[in-house]
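Here is the structure we will look at, set down as structure tokens.
Residue numbers (the numbering used here), protein chains in the order written: chain E, 41 to 445; chain X, 41 to 445.
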């Protein structure tokens, strides 16, 4: 198992990961506390399926964050994306779907960072004849912004920004973070060395900066006179491979806030498991292998073909064996994906029982895959419909600096 | 002799320095070429005394830059200051006085960078009780801006900016520079190591970025559609200890411009010697020892006292010895300072002859010091008068992003 900010591979042991990273698993008591501040306030009917099914499973300081919410102190959400390809896939959707729910459930502002700078620093190219492709990553920001906007965030409470555009506003905080972190520290956390370009060394501070409300003087209305003294707390929903950035951030967070900050400046985190690739429940889905992923641009036929041909099956080799032993749900991609995307708990349970035992309505891989195909075709079609309505002008509005507090 | 971007000490051997850095000394032919493009165009009566007296003595690509000027291609000047103290001293004035002359002589735009970010990264402090002092450096920018404005630049052609305010506009180029430079390279050039904060590693790109006209889309009117293709050339007047930044810049400059750039993107440089401290002609003047420097805030009495008490004398110990052998002009601070600030070549020569021989009107240290006191009292008084007229509103105007091309 390898899980770093830049690589996820092998069979993931999430208990080990939590232990290694030093985060905490989300226990039933904490879920109840979260339920009280969300469902209990009448903003959502029930906890999101990602919480009900332990997909968002780990956290840092979520209990403390909920404590401040209870005291009616201000909080905001921060998430982001590195725009590395024009077409986003289902795995990319996971944090955004969850964040959209969190925003509604907590009724709070949200900032979404597009790290086009990072993607250029790590994956950009330069040729003598054509120059570099920085603008390519800037344009991916706009393309991806459409998909993100289509997730249904609250426009009045959401600010979407590109680092290439917005970094100047965060620069005082970036300098503070730069000053507080040594090269040895980032080399240790991210595996950089002397051959790494200096942008890689500098970048972690750019991803850290939105964890502080004072990076958003206009957006969160944290005026410069009392920027340090804001009580705004930050909650970051992300896949667990992004945790290293925020461990670094939390270690130096006290240097960026006043004494009165309820979490000592530290952003709280809520971590998801990885969305498994089609070929099997290891690593995480990647855009670089088109057959390992369902893209948000795929047609209903694409979806059907990919699921039928490529989704790794936990079913047995013959009808007889399957009906006798049932499928291994843990490694079955179709079933695992249904856990992410089928909303109805009763139906999911019924499918699991039937498929896992090899008996009843969903006894075979083919039947479960057919159900998944339908779920994803609906999801993707609805997404495409919403995305088609997002104009350039719309994107510009979401990305314009304005008060959302 | 130690000369790095962060330390200057010992007796400076400028020929060795030029050899070590790989720059070129300014030869009479090149001075003639510069004269043709400045004095020859009727913009100034003669070459600046810093050129006549070999104080700006070294360069990179100045000949190529003058070639583009001759062809009427656009060029701009770039200089800067790290605002480490509210009170600037005479040594700080040297590059600005010269740049003011260059701007007039070449009739070109000028950008002046205030590296308040750098000063915080290298000299900032943090305490648990009071937080950090980033704002202190930001306010030094404003204080120093008054002194710089008082040097008499052309408002219509000058943009003064603080990194903390303006860095966002340069960020695409900063990313390009970051990507092109490794940690090993900056460690080698600047002597950083794993214990250095990551801001120190990142900063050289911030000082490099203004070398490219595309960092000033509005200020130089280099629209984003053709930013890469601008032919704008850049000339940087600076003390020679700043050369390492621009060697790094020149090495990767081709990656930031199109094929048509007359200097392959490389900024041209013109280097000055150091302004010697009062105590002797070694190292460079520093603000941290108040008795080693004349500050632009000093009173006429301060100036007189400091020169009389602290200026290192190259004169002999007794009247008899002085009248027999004369003074050692090379190490005599009063004489060396007159070389910087006494405009009249004939008078300077007369003083040198008299003092160096111990005979005539300026035979003694006291007489030469008295002449220097008068020169500096006039200079500083005039500066203070101009500075007093620079209002906050005025500073704001000079620092507002606007077209100066």
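Ideal placement from N, C-alpha and C gives every residue a C-beta, glycine not left out.
>> Let's see if you can read the secondary structure: which residues bound the alpha helix (DSSP H) around residue 100 of chain E?
In response: By 1-based counting over the first chain, the position of residue 100 of chain E is 60. Premise fails: residue 100 of chain E lies in the beta strand (DSSP E), 96 to 100, not in any alpha helix (DSSP H).
> So residue 113 of chain X packs on residue 271 of chain X, CB below 8 angstroms; how close in whole Å?
Replying inline: Counted from its first residue, the second chain places residue 113 of chain X at position 73. Counted from its first residue, the second chain places residue 271 of chain X at position 231. With 8 angstroms as the limit, residue 113 of chain X and residue 271 of chain X qualify as a contact, their Cβ atoms being about 5 angstroms apart.
> What residues in its chain sit with their C-beta under 7 angstroms from that of residue 351 of chain E, if we drop five residues either side in the sequence?
Replying inline: Counted from its first residue, the first chain places residue 351 of chain E at position 311. Correct list, in chain order: 318, 373, 374 and 409.
> Of the residues X:417, X:418, X:119 and X:394, which one's Cα is nearest the Cα of residue 407 of chain X?
Replying inline: Your numbering for residue 407 of chain X matches position 367 in the second chain. Of X:417, X:418, X:119 and X:394, the residue nearest in Cα terms is X:394.
> Mind checking if residue 159 of chain X is an interface residue toward chain E, Cβ cutoff 8 angstroms exclusive?
Replying inline: As a working note, residue 159 of chain X is residue 119 in the second chain. For residue 159 of chain X, the answer is no, since every Cβ of chain E falls outside 8 angstroms of its Cβ.
>> If we define contact as Cβ-Cβ less than 8 angstroms, is residue 218 of chain X a contact residue for chain E?
In response: Sequence index remark: in the second chain, residue 218 of chain X carries index 178 (1-based). Closer than 8 angstroms: yes.
>> What does DSSP give as the partner residue(s) for residue 129 of chain E in the beta ladder?
In response: For this step, residue 129 of chain E is matched to residue 89 along the first chain. For residue 129 of chain E, which the question treats as bridged, DSSP gives the partners E:335.
> Does the beta-carbon of residue 139 of chain X have 16 or more other beta-carbons within 10 angstroms, so that it is buried, or is it exposed?
Replying inline: Within the second chain, residue 139 of chain X is the residue found at index 99, counting from 1. The residue in question, residue 139 of chain X, is buried, as its Cβ has 16 or more Cβ neighbours within 10 Å.
>> By the 9 angstroms beta-carbon criterion, what residues does the stretch 189 to 203 of chain E contribute toward chain X?
In response: 203
> By the criterion of Cβ-Cβ separation under 9 angstroms, what are the contact partners of residue 173 of chain E in chain X?
Replying inline: Within the first chain, residue 173 of chain E is the residue found at index 133, counting from 1. Chain X residues near residue 173 of chain E: none, gap ~11 angstroms exceeds 9 angstroms.
>> DSSP three-state label for residue 309 of chain E, please.
In response: By one-based count along the first chain, residue 309 of chain E stands at place 269. Strand at residue 309 of chain E.
> Taking one C-beta from the stretch 61 to 73 of chain X and one from the stretch 291 to 306 of chain X each time, how about it: are there three or more such pairs within less than 8 angstroms?
Replying inline: no
> Enumerated in chain order, which unbroken segments of the beta strand (DSSP E) with a length of 3 residues or greater are wholly contained in the stretch 111 to 179 of chain E?
Replying inline: 115 to 121 and 150 to 154
> What's the gap between the Cα of residue 77 of chain X and the Cα of residue 142 of chain X?
Replying inline: Locating residue 77 of chain X in the second chain gives position 37, counting from the first residue. Locating residue 142 of chain X in the second chain gives position 102, counting from the first residue. Distance between the alpha carbons of residue 77 of chain X and residue 142 of chain X: 11 angstroms.
>> Please report the distance separating the alpha-carbon of residue 206 of chain E from that of residue 168 of chain E.
In response: As a working note, residue 206 of chain E is residue 166 in the first chain. As a working note, residue 168 of chain E is residue 128 in the first chain. Cα-Cα distance, rounded: 29 angstroms.
> Below 8 angstroms, can you find three or more Cβ-Cβ pairs linking the stretch 167 to 187 of chain X to the stretch 425 to 441 of chain X?
Replying inline: yes
>> Within 8 angstroms, do at least three Cβ pairs link the stretch 153 to 172 of chain E to the stretch 126 to 139 of chain E?
In response: no
> Between residue 156 of chain X and residue 202 of chain E, what straight-line distance do the alpha-carbon atoms span, to the nearest angstrom?
Replying inline: Along the second chain, one-based indexing puts residue 156 of chain X at 116. Along the first chain, one-based indexing puts residue 202 of chain E at 162. About 25 angstroms.
>> Quick check: the Cα distance between residue 400 of chain E and residue 369 of chain E, rounded to an integer number of angstroms?
In response: Here the question's residue 400 of chain E lines up with position 360 in the first chain. Here the question's residue 369 of chain E lines up with position 329 in the first chain. The alpha-carbon atoms of residue 400 of chain E and residue 369 of chain E are separated by roughly 16 angstroms.
> Out of curiosity, what's the CA-to-CA distance linking residue 135 of chain E and residue 239 of chain E?
Replying inline: In the first chain, residue 135 of chain E corresponds to position 95, counting from 1. In the first chain, residue 239 of chain E corresponds to position 199, counting from 1. For residue 135 of chain E and residue 239 of chain E, the distance between alpha carbons rounds to 26 angstroms.
> Does the pairing of the stretch 248 to 256 of chain E with the stretch 424 to 435 of chain E give three or more beta-carbon distances under 8 angstroms?
Replying inline: no
> Does the beta carbon of residue 235 of chain E sit closer than 8 angstroms to a beta carbon anywhere in chain X?
Replying inline: Within the first chain, residue 235 of chain E is the residue found at index 195, counting from 1. Closer than 8 angstroms: yes.
>> Any contact between the stretch 187 to 200 of chain E and the stretch 227 to 236 of chain X? By contact I mean 3 or more CB pairs, one from each, below 8 angstroms.
In response: no
> Would residue 120 of chain E pass as a contact of residue 154 of chain E if the rule is Cβ separation under 8 angstroms?
Replying inline: Here the question's residue 120 of chain E lines up with position 80 in the first chain. Here the question's residue 154 of chain E lines up with position 114 in the first chain. Yes; because the gap between Cβ atoms is below 8 angstroms, this pair is in contact.
> Under the three-state reduction of DSSP, which class applies to residue 276 of chain E: helix, strand or coil?
Replying inline: As a first step, residue 276 of chain E is located in the first chain; it is residue number 236 there, counting from the start. Note: residue 276 of chain E maps to strand in three-state DSSP.
> In angstroms, rounded to a whole number, what distance separates the CA positions of residue 355 of chain X and residue 297 of chain X?
Replying inline: Position 315 of the second chain, counting from 1, holds the residue named residue 355 of chain X. Position 257 of the second chain, counting from 1, holds the residue named residue 297 of chain X. Each residue's alpha carbon lies about 54 angstroms from the other.
> Is residue 43 of chain E helix, strand or coil by DSSP?
Replying inline: Counting from one through the first chain, the residue named residue 43 of chain E turns up at place 3. Strand, per DSSP.
> Which of helix, strand or coil does DSSP assign to residue 48 of chain E?
Replying inline: Numbered from its first residue, the first chain carries residue 48 of chain E at position 8. Strand at residue 48 of chain E.
> Given that residue 212 of chain E touches chain X, what residues does it touch there, using C-beta distances under 7 angstroms?
Replying inline: On the first chain, residue 212 of chain E is found 172 positions in, with the first residue counted as 1. Here the neighbours are 174 and 204.
>> Just verifying my parser: in three-state terms, what is the DSSP assignment at residue 270 of chain E?
In response: In the first chain, residue 270 of chain E corresponds to position 230, counting from 1. Three-state DSSP puts residue 270 of chain E in coil, outside helix and strand.
> Along chain E, which residues have their Cβ under 8 angstroms away from the Cβ of residue 428 of chain X?
Replying inline: Numbered from its first residue, the second chain carries residue 428 of chain X at position 388. What residue 428 of chain X touches in chain E: nothing, since even the nearest Cβ is about 28 angstroms away.
>> Report the start-end ranges of each beta strand (DSSP E) in the stretch 186 to 243 of chain E that is 3 residues or longer and not cut off at the edges.
In response: 198 to 202
> Measuring CA to CA, which of X:361, X:51 and X:204 is closest to residue 213 of chain E?
Replying inline: In the first chain, residue 213 of chain E corresponds to position 173, counting from 1. Among X:361, X:51 and X:204, the Cα nearest to that of residue 213 of chain E belongs to X:204.
> Where are the beta strand (DSSP E) runs, 3 residues long or more, that stay fully inside the stretch 58 to 103 of chain X, in chain order?
Replying inline: 96 to 100
>> Which residues in chain E have a C-beta closer than 7 angstroms to the C-beta of residue 166 of chain X? List them in chain order.
In response: By one-based count along the second chain, residue 166 of chain X stands at place 126. Chain E residues near residue 166 of chain X: 295.
> What does residue 226 of chain E touch in chain X if you count any residue whose Cβ is under 8 angstroms from its own?
Replying inline: Position 186 of the first chain holds residue 226 of chain E. The answer, in chain order, is 238.
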